[in-house]
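Residue numbers (this note's numbering), protein chains in the order written: chain Y, 1 to 281; chain G, 282 to 580; chain E, 581 to 938.
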Amino acid sequence: MNTFWFIRSARLRWLLAGIVIGGAAIVFVLPIGVAILWSLVDPAVGWFPPDVLPSSLSFANWRALLAVPELADDFTTSFTVAVLVTLLCALLGLPTGFALGRRPLRLRRVLELLVLTPLMMPSVVLATGLGSVFIRLGLGQTIPGVVLAQTVVVLPYMIRIVAATLGGVPQDVIDAARNLGAAPLALTRYILVPMVVPGLFAGALLAFIGSLEEFILTFVVGMPTIQTLPMLLWSYLGGRSSFLTYAAVVSLTLLVPTLTMLFVVERVLKQEYLAAGFGKA
Amino acid sequence: MTASTQIVFRRARRTRSGLGEVWADILLLAPGCGFLLLAMVVPVVQLGLASLGLFGLGRPSQFTLDNYAQVFGDSLLRGGFFFSLRIALATMVVSVVVATLLTALLQIDFPGRRLVSVLYKIPLVVPSLVAAFLVLTMIGPGGMAARLLAPLHVTWPSFVHDQSGIGIVIVLLWHNIPVTVLIVSAVAAAIPRDLVDAARNLGASPWRVFRHIIGPLCAPGISAAALLVFIDSFGTYAIPSLIGPAYPRAISVVMTTEFLQHANWGLASALGVVLIVTTAVVLVLYYRLMARLREQAPA
Amino acid sequence: MHRLELRQVSKRFGGVPALDRLDLAVHQGEFLTLLGASGCGKSTTLRVIAGLVTPDEGEILLDGAAIRDLPVHRRETAMVFQSYALFPHMTVIGNVAFGLKMRGFPAAEVEQRVAEALALVELAALGGRFPRQLSGGQQQRVALARALVTRPKVLLLDEPLSNLDAQLRDRLRVELRALQRKLGVTTIYVTHDQAEALALSDRIVFMAGGRIVEIGTPRDIYRRPQARSTAEFLGIANIVSGRIVDTSPGACIMETPLGRLTLPTAEAFRVGDAAALCLRPEDIRLDSHAAGKGALAGTIRHAAYMGSMTEYIVDLGESDLSFRVQVSGDTVWNLGDVVSLTLPDNAAVFRQDAAAQR
């Protein structure tokens, strides 16, 4: 990243640092702290205004995760669907990403636009459209239906990352390996796979996260039989009633894996790949 | 012929014509692109047909324009459309402005810059529902902000369920600004350092450098990001459904309610078509604007 | 039998001919350089030999055996790439060992040969490093070791020194040639730098437009280029067009803007042929006008001191021509000085129209 030093005085820079870090902490970090507090509120006492801090803490809400059947069920559903979606995206995305990344294609720009289009369509439109089609096909309110629906909005990310990763292997390195005697299988095993695995891993991670978080399509296609954690969270936030403590637990459950994954992905992928995954052409 | 072709398709090496290559391409592209094509075309066609009264569920197929008449005629639905539009525009404008400022800020070398550049990415992995929850607990009625200010006898204004939709916009901003910053800073980083140095060498102050060099070069990327934010905010469902007002209800909320609760496929589909058409119009206008700007400013 | 032979090899990329009926024979143990401007087909020729490009027509013979249909990984050639193409995820040792590993050598032998190769290129201490931790010169040597360790029948080098700074390039050039002589491996080297080609090669193949223009030893090519394009590429800067007005065995008389010149030549001209005269800058002698020697008079227009010699641009009397003249040592003449030029006895003469075609 280019850095400039428009501000020469060191004192001003520290002031700026203070403001920006303080602001960032309040906006980005504090809410999570508050969510953690909410998850630890003692259900017998509650946390009502004007208390700035909860008067009594307990792990009761977290234990409920194991006790309340719907929490445990939705947890399982969410992660099962996520695994299936990741696998499906890998199956569909690897060959296509390979083609977009390494083969000369005449319709390349059109295809790249096609891959981006699911992200450009309003998801509620996709949800309703797919929902109605699935109901006709008998896939409404089934796991396969939800998996297929989620794949539509997760696959573009996978394809773009696979294409960027596979395309990033210099042709010279492949030529050199073949020149030194690597048959196709050896080439794949010793050269291609090691160079490509980190990026693919990040792609799979992003697909997994995308599936866990996905709400609107899962909601429209799966409601009410198939319930994932986001749908549960929605109901705790006021869909049916407001249940802030449980909402906090579900939120944090959704957050912990994804936040840790963020740091892993950040280290593995370069910034350009990350932006490529998000649709910057 | 590239080496990778020979790895995957040894036989293709023999063919002198490109036909084997074309089949290889099709085979490779079919899973991903084919799936996506199917998954987008079929639902849109279904929506189009259902909006016209054909192939709906439970009702006999009959061509009708009643659904569209309702969409345009009913004041509630019209109000919802413009409500969604206002929210999307507000979110787009504010997020672009804030993201640009934040990007510019991050170009300045201050202590803790790296920390901030990690912190701002947190919302990227927070699902929008969780974002709604977090923002609610902070600025909702009885939220942290309200409780912190209570001793000072300051009434905290209501941000949820109000007709201006401000709470919705705030949640959308929390969710969208980091993505926009990511895109804008990637675009800014792509500007060769030499250009800035040359401008400064020729006498441009930092502000002028931004206005005449960095700004124009970033503009296409920024506008693309803005477009994404707009489209995302226009059709968003979860947040308006949770903290939106009873009236006017966002178009996506009405659509989903009609579809799921009233099984009114016709109306829901018509609303969906209106959504798509609006998005398409915005896209076309965007491309036209970009093309015209490119003409006016010969590189 | 030649070590390597190319017979009538042709290759087109989308309609553009990259190689046009190429015929080439490479001797065992020689250092052959393919020299030419960008796009002349020299890199394509190298890649055809390695098997990375399949020719449309023609045959490639290695020790008499046809290898055109042999896949890349089964040819016994080893290539050093311009970008070095080191495997980023392997250490230096891993990189160098790769070719041996592919060929299935036992671990003990691999270890020993890798150590030998690294010692050969003087990188024995850096075996455990990764490519990104090495300098450009070090990376280049790893690439070289990686290629040599497999004891290939033909070593292919694609502008391996072009990414290095001048001093390093000169030093590595010397080392490279010494190494090649020591090992006796047949080597084909690609470059656009004519000084490099002249310094390194046993023979030079000058290429243009996908064809071989001429082949010869460095001395032959430089002293007696057969084609105008060769002469121009080699920096023989002074070319004068004219017409043959008389011929005799071993000589000809040419009418040029500089007057009528008698020149020795082996080419069989006919009266009326268009021809071109090539004069090397260092062959022209300058004397002061007052001395009265030399056939031509000229005025010094430009003088550049280049360390080992001084280069002058001399405007020639009545004509529009100017000559580039190099005189060793310090500057003697100043701008505006009037000098007389003596042309060498052995200037090369070739046909103008044939040269224009090439």
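Backbone N, C-alpha and C fix where the C-beta goes; we use that ideal spot for every residue, glycine too. All of these numbers come straight from a predicted model, not from anything done at the bench.
Residue of G/Gln343, G/Arg530, G/Val465, G/Leu509 minimising C-alpha distance to glutamine 444 of chain G: G/Arg530
Stretch pair the segment 624-639 of chain E + the segment 581-597 of chain E: three plus CB contacts closer than 8 Å: yes
Selection from G/Val490, G/Val375, G/Val352 that minimises the alpha carbon distance to valine 462 of chain G: G/Val375
Contact set for threonine 827 of chain E: own chain, Cβ-Cβ below 6 Å, skip 5 residues either direction: Phe849
Cross-strand partners of valine 558 of chain G (DSSP beta bridge): Bridge partners of valine 558 of chain G: none, in fact.
For histidine 882 of chain E: DSSP bridge partner residues: E/Ile893
Range covered by the alpha helix (DSSP H) that runs through serine 365 of chain G: 356-388
Test: valine 397 of chain G CB closer than 8 Å to a CB of chain Y: yes
Inter-residue Cα distance where the pair is arginine 394 of chain G and alanine 17 of chain Y: 7 Å
Residue-chain proximity (tryptophan 62 of chain Y, chain G), Cβ-Cβ < 8 Å: no
Alpha-carbon to alpha-carbon, leucine 599 of chain E and glutamine 937 of chain E: Low local confidence applies: a pLDDT of 41 at glutamine 937 of chain E is under 50, so the model's placement there is unreliable, with the coordinate-based value given in what follows. About 16 Å.
Partners in chain Y for phenylalanine 344 of chain G, counting only beta-carbon separations shorter than 7 Å: Within chain Y, no residue comes near phenylalanine 344 of chain G; the closest Cβ sits about 18 Å away, beyond 7 Å.
C-beta contact flag for leucine 838 of chain E and leucine 901 of chain E at 8 Å: yes
Short CB-CB distance (under 8 Å) between tyrosine 401 of chain G and chain Y: yes
Three-state secondary structure assigned by DSSP to asparagine 2 of chain Y: At asparagine 2 of chain Y the pLDDT is 45, less than 50, meaning the model places this residue with poor confidence and gives no usable figure here.
Which listed residue (E/Arg799, E/Val694, E/Ala630, E/Val851) has its alpha carbon closest to that of alanine 775 of chain E: E/Arg799
Buried versus exposed, by CB contacts within 10 Å (16 or more), asparagine 348 of chain G: buried
The segment 248-263 of chain Y in contact with the segment 23-41 of chain Y per 3-pair CB rule at 8 Å: yes
Burial state of tyrosine 528 of chain G (16 or more Cβ within 10 Å): exposed
Any C-beta of chain Y under 8 Å from that of glycine 679 of chain E: yes
Neighbour-count burial assignment, methionine 121 of chain Y, 16 or more Cβ in a 10 Å radius: buried
Of the residues Y/Leu255, Y/Thr128, Y/Gly138, Y/Arg189, the one placed nearest methionine 321 of chain G, counting alpha carbons only: Y/Thr128
Helix, strand or coil at leucine 814 of chain E according to DSSP, with G and I counted as helix: coil
Neighbouring residues, chain G, relative to aspartate 51 of chain Y (Cβ below 8 Å): Arg428
Simplified DSSP state of cysteine 314 of chain G, which is helix, strand or coil: helix
Backbone secondary structure at glutamate 736 of chain E - three-state DSSP: Strictly speaking, residue 736 of chain E in this sequence is leucine, with glutamate absent from that position. Three-state result, leucine 736 of chain E: strand.
Length-filtered (4 minimum) alpha helix (DSSP H) runs lying within the segment 675-723 of chain E: 687-700
Test item: CB-CB of phenylalanine 611 of chain E and glutamine 720 of chain E under 8 Å: no
Stretch-stretch touch, CB-based, cutoff 8 Å, three pairs: the segment 408-420 of chain G with the segment 493-500 of chain G: no
Cβ of threonine 730 of chain E within 8 Å of any chain Y Cβ: yes
One or two residues paired with leucine 612 of chain E in a DSSP bridge: E/Ile768, E/Arg783
Cross-chain neighbours of threonine 624 of chain E in chain Y, by beta carbon under 9 Å: Within chain Y, no residue comes near threonine 624 of chain E; the closest Cβ sits about 13 Å away, beyond 9 Å.
Rounded distance between the beta-carbons of glycine 446 of chain G and phenylalanine 364 of chain G, thought under 8 Å: 6 Å
CB contact check: phenylalanine 391 of chain G to chain Y, cutoff 8 Å: yes
Near-chain E residues of the segment 179-212 of chain Y - C-beta to any C-beta below 9 Å: Asn179, Leu180, Gly181, Ala182, Ala183, Pro184, Ala186, Leu187, Tyr190, Ile191, Pro194, Met195
Status (buried if at least 16 other CB within 10 Å, exposed otherwise) for alanine 479 of chain G: exposed
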